[in-house]
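Position one of the sequence shown corresponds to residue 4 (our numbering), numbered consecutively onward. The beta carbon of each residue, even a glycine, is placed where N, CA and C say it ideally should be. Given the structure is predicted, the values throughout are model-derived calculations rather than measurements. See structure below.
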Amino acid sequence: MTEFDLVIFDCDGVLIDSEIISARMLVAELLRLGLSIDLPYVERNFLGRSYPVVMETIRREFGLDLPPDFEAQYREALLAAFQQELTIVPHVREVLETIGVPFCVATSSSPRRVEMSLKLVGLSDLVVDRVFTSTLVARGKPAPDLFLHAAGRMGAAPERTLVIEDSLTGIRAGLAAGMTVWRFVGGSHLGPGTPKEPDDALPHRRLVSFADFFQIAPSLGRQVA
C-alpha cells in the first residue's frame, strides 16, 4: 500500500524546464520600459506566481504602470521562445509512464500556456485533461486553493496527496493545503546547491532528479501482478 492516493505536479520548472526562459524574457521586456531587475529577484518574488500577481507586484514595488499591451506582448514573446527552446525535464516522461497512482498538474500558468507547453514537450498524451490552473480558483499560490481544488476533483484527501513543486510560493501552497511537499531542484534555474528554504516554506524533502523518484518512493511505481 502506498501512503499517497494522488501526486500533483507543478508544471513550469518541474515537468518542463521553462523557468529560466520565462525569467529571462520578463527581465528583457521590463528593461525595455526602463525597469532593471535581475534573475535572482525574479526567482525570489515571481517564481510560481500567476501573471496578474507578478504585474501587481511590479506596480506596487516599482510604481510602474505597465502599458495595456504589455501582457499580450510578453506572452507572445514567451510562447515564441518556448517553441525554440523549451525542453522536458529529464526522466519526467518515464515517471509519468510508470507511476502507479493517479496524478495531475496544478499550475499558475494560463490555460493556453500550459496546453502549448505540454504539447511542445510531448506530454499531452500522458496528462490529457488532468490540468488545473489558477484561473479555476479565487486565490492562486501561495494560497492552498488550487491544490485543494485539484485534489477534490481527483477524489483524494489532502493528507494523502503528494505535491512536487520547485518554487517557494508553490511549497507554501502545498503546505497550507496539508499535503506532503517535495521540492524539485533539478531545473536549470535551481540546482542541488539551491539555498535552504525559509522556515515557512520547508518541504518534506528535496528531489534532485526524477531518476530518483521511485528510489525515494518505490510504492508509487506501478505494481506488477
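A direct Cα-to-Cα measurement between V95 and A75 gives close to 30 Å. Cα atoms of W185 and R116: separation of roughly 24 Å, rounded to the nearest angstrom.
With respect to the 8 Å criterion, S120 and L89 are classified as neighbours on the basis of their beta carbons.
Around the beta-carbon of A141, fewer than 16 other beta-carbon atoms lie within 10 Å, marking it exposed. Here R35 is exposed, its C-beta having fewer than 16 other C-beta atoms within 10 Å. Checking the DSSP bridge columns, you'll see D15 partnered with I19. With fewer than 16 neighbouring CB atoms inside 10 Å of its own CB, D72 falls in the exposed class.
In this structure, R163 sits near L9, with a CB-CB distance shorter than 8 Å. Rounded to the nearest whole angstrom, the CA to CA distance from L210 to M28 is 27 Å. Between I174 and C107, the C-beta spacing is not below 8 Å. Secondary structure at V131: coil, using DSSP grouped into helix, strand and coil. Close CB contacts of R208 within its chain, under the 6 Å cut and outside five residues either way in sequence, are with W185 (chain order).
Excluding residues up to 5 positions away in sequence, A26 lie with their Cβ nearer than 6 Å to the Cβ of L42 in the same chain. The stretch 186 to 199 makes contact with the stretch 18 to 25; the number of CB pairs closer than 8 Å reaches 3 or more. Taking a contact as a CB-CB distance under 8 Å, the pair A109 and F135 counts as one, their CB atoms being some 5 Å apart.
Judged by DSSP in its simplified three-state form, T60 adopts helix.
Taking the CA atoms as reference points, L38 sits about 9 Å from I61. Annotation for R208: the continuous beta strand (DSSP E) segment containing it runs 208 to 210.
By the neighbour-count criterion, in which a residue is buried when 16 or more other Cβ atoms sit within 10 angstroms of its Cβ, Y77 is buried. Taken atom to atom, the span from the alpha-carbon of I40 to that of N48 is near 11 Å. L165 is the residue among E46, L165, A176, Q226 whose C-alpha sits nearest the C-alpha of E6.
In the displayed model, L9 falls within a strand according to three-state DSSP. In the three-state reduction of the DSSP assignment, V184 falls in the strand class, which pools E and B.
G125 carries a coil assignment under DSSP once its states are collapsed to helix, strand and coil.
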